[in-house]
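See below for the structure under consideration.
Residue numbers (the UniProt record's numbering): 1 to 175.
Structure, rendered in structure tokens:
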């Protein structure tokens, strides 16, 4: 996949972007970048960035992390809100974008007790509101959509890898 465009995994918080992305990268033998982890390593905990500097400053840091990851290539998992920032959407040009979706019922267990800043006050209701606000942008950017609600992660990974390999053969690239 060295000559293939990067694969960017998008979707709402709790959809499994990092878990699926890491396994897809391993299956393809390419690097994996989790932009949230890049930000934490360089700037500290995300909740602290939100509290100290605000969401706009965080989105700028996130856009830069995405640009750097795109230069590295491989598989990139971005934060759920990354797509809300114009610079991040622009950085995704040329990537193969995979959208992971998840039902509110399935995500409720996954995000219970989380310290995600945008959920601090509203739990699953806040998640649903955020998802509704971002759904059109996710759909607009996605080249393929995979639901993670009640499927074993290994099946989701297999489906994503199969799509990437099929997509590569139809475009003349390598998975």
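The C-beta atom is built at its ideal place from N, Cα and C for all residues, glycine as well.
| Inter-stretch contact at 8 Å, needing at least 3 Cβ pairs: the stretch 7 to 21 / the stretch 57 to 75 | yes
| Per-residue burial, residue 1 [other beta carbons within 10 Å of its own, 16 or more giving buried] | As a position in the chain shown, residue 1 is number 1, starting the count at 1. With a pLDDT of 44 at residue 1, under the threshold of 50, the predicted position of this residue should be treated as unreliable, and no value is reported.
| message | Below 8 Å on the Cβ atoms is my contact criterion, and I expect residue 161 with residue 28 to pass it. Report the Cβ-Cβ distance as a whole number of Å. | response | Residue 161 sits at position 161 when you count from the first residue of the chain shown. Residue 28 sits at position 28 when you count from the first residue of the chain shown. With a Cβ gap of about 7 Å, residue 161 and residue 28 count as contacting.
| task | State the DSSP-derived secondary structure class of residue 36, mapped to helix, strand or coil. | result | Within the chain shown, numbered from 1, the residue matching residue 36 stands at position 36. Helix at residue 36.
| field | Contact between the stretch 22 to 37 and the stretch 59 to 73 (3+ Cβ pairs under 8 Å) | value | yes
| said: Once DSSP output is grouped into helix, strand and coil, what is the label at residue 92? | reply: Sequence index remark: in the chain shown, residue 92 carries index 92 (1-based). It is coil, neither helix nor strand.
| query | In chain order, what residues of the same chain lie with their CB nearer than 8 Å to the CB of residue 82, ignoring the 5 residues before and after it? | reply | Reading the chain shown from its first residue, position 82 is the one you call residue 82. Sequence-distant partners of residue 82 (beyond 5 residues in either direction) whose C-beta falls short of 8 Å from its own C-beta, in its chain, are 10, 35, 59, 62, 63, 66 and 88.
| Backbone CA spacing between residue 56 and residue 49 [nearest angstrom] | As a working mapping, residue 56 is identified with position 56 in the chain shown. As a working mapping, residue 49 is identified with position 49 in the chain shown. So the alpha carbons of these two residues sit roughly 10 Å apart.
| said: So residue 104 and residue 130 are supposed to be a Cβ contact under 8 Å. How far apart are they, rounded? | reply: Residue 104 sits at position 104 when you count from the first residue of the chain shown. Residue 130 sits at position 130 when you count from the first residue of the chain shown. Going by Cβ atoms, the distance from residue 104 to residue 130 rounds to 11 Å, so no, they are not a contact pair.
| message | The alpha helix (DSSP H) that contains residue 8, what's its start and end? | response | Here residue 8 refers to the residue found at position 8 when the chain shown is read from its first residue. Looking at the DSSP string, residue 8 is not in any alpha helix (DSSP H); the run it does join, the beta strand (DSSP E), is 7 to 10.
| field | Whole-angstrom distance between residue 142 and residue 152, CA atom to CA atom | value | Here the question's residue 152 lines up with position 152 in the chain shown. Here the question's residue 142 lines up with position 142 in the chain shown. Roughly 22 Å between the two C-alpha positions.
| task | In the DSSP assignment, find the beta strand (DSSP E) that holds residue 24 and state where it starts and stops. | result | Position 24 of the chain shown holds residue 24. DSSP places residue 24 outside any beta strand (DSSP E); the residue lies instead in the alpha helix (DSSP H), whose first and last residues are 17 to 28.
| query | Cα separation between residue 126 and residue 169? | reply | For this step, residue 126 is matched to residue 126 along the chain shown. For this step, residue 169 is matched to residue 169 along the chain shown. Their Cα atoms are separated by approximately 40 Å.
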